[in-house]
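K.L.:
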Amino acid sequence: MAGGANFDGDDDIITDINVTPLVDIVLVLLIILMVTASYIVSKSIPMDLPNADTGDESPPRTLTVSVDEGGQLYLDAEEIEWADLRSRARAFASSESEPRAVIAADRRVSHGEFIRIVDTLRAAGITRYAINVNPAELDAE
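Residue numbers are given in my numbering: position 101 of the sequence shown equals residue 240, and the series is strictly consecutive.
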């Protein structure tokens, strides 16, 4: 054949996978890992630390403020008046190093009442709070 490629038909079909490039990549990644691992290790001064008998390992307490659809306020499941919320929250905030609160409000409670709870907690010194919701209802809406 003039100008054509030489096809004899006796070329073997390659049936096995060449893993040499894979091994090369794995070795390069291993070298990179070994080099960077020496930089990741933090330097520390070896010392023998003393034990303390008065260490505090108790989890932080949270104040739970709930309001039902009728506007009745509850503090840690105890029914209270709106006028008592600030003083009770302030007492809780002064007894904790990082005071936290969980606010649970019925879905029919007005936005204004919810904001009133948040403002009262902030005025008492509790700035970290979570809002209690029902996850099952989030998917339904």
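Cβ coordinates follow ideal geometry from the N, Cα and C atoms, glycine included.
Which residue or residues does DSSP assign as beta-bridge partners of residue 236?
P.N.:
In the DSSP output, where bridge partners are listed per residue, residue 236 has none listed.
K.L.:
Taking DSSP as the reference, what is the three-state secondary structure of residue 244?
P.N.:
Note: residue 244 maps to strand in three-state DSSP.
K.L.:
Closest to residue 215 by CA distance: which of 191, 222, 241 is it?
P.N.:
Among 191, 222, 241, the Cα nearest to that of residue 215 belongs to 241.
K.L.:
Looking at C-beta atoms only, is the number of pairs between the stretch 260 to 267 and the stretch 225 to 238 that lie closer than 8 Å three or more?
P.N.:
Yes, they touch.
K.L.:
Would you please state the rounded distance, in angstroms, between the beta carbons of residue 247 and residue 208? I believe it to be under 8 Å.
P.N.:
Between residue 208 and residue 247 the Cβ distance is about 4 Å, and since that is below 8 Å, they are a contact.
K.L.:
From residue 192 to residue 164, what does the alpha carbon distance come to, in whole angstroms?
P.N.:
Straight-line Cα distance between these residues: approximately 53 Å.
K.L.:
Identify whether residue 164 lies in helix, strand or coil by the three-state DSSP scheme.
P.N.:
In the structure shown, residue 164 sits in a helix (DSSP, three-state: H, G or I).
K.L.:
Just verifying my parser: in three-state terms, what is the DSSP assignment at residue 205?
P.N.:
The answer is strand: DSSP assigns residue 205 an E or B state.
K.L.:
List the residues that DSSP assigns as beta-bridge partners of residue 269.
P.N.:
BP columns for residue 269 point to 241.
K.L.:
Measuring alpha carbon to alpha carbon, tell me which residue in 158, 156, 206 is nearest residue 252.
P.N.:
Nearest C-alpha to residue 252: 206.
K.L.:
With DSSP run on the structure shown, which of helix, strand or coil describes residue 220?
P.N.:
In the structure shown, residue 220 sits in coil (DSSP, three-state: anything other than H, G, I, E or B).
K.L.:
For residue 177 and residue 198, what's the separation of their Cα atoms in angstroms?
P.N.:
Their Cα atoms are separated by approximately 36 Å.
K.L.:
Between the beta-carbon of residue 227 and the beta-carbon of residue 219, is there less than 8 Å?
P.N.:
In this structure, residue 219 lies closer than 8 Å to residue 227 by Cβ.
K.L.:
Using only alpha-carbon positions, find the residue among 257, 222, 272, 261 that is nearest to residue 245.
P.N.:
Checked all of 257, 222, 272, 261; the closest Cα to residue 245 is 272.
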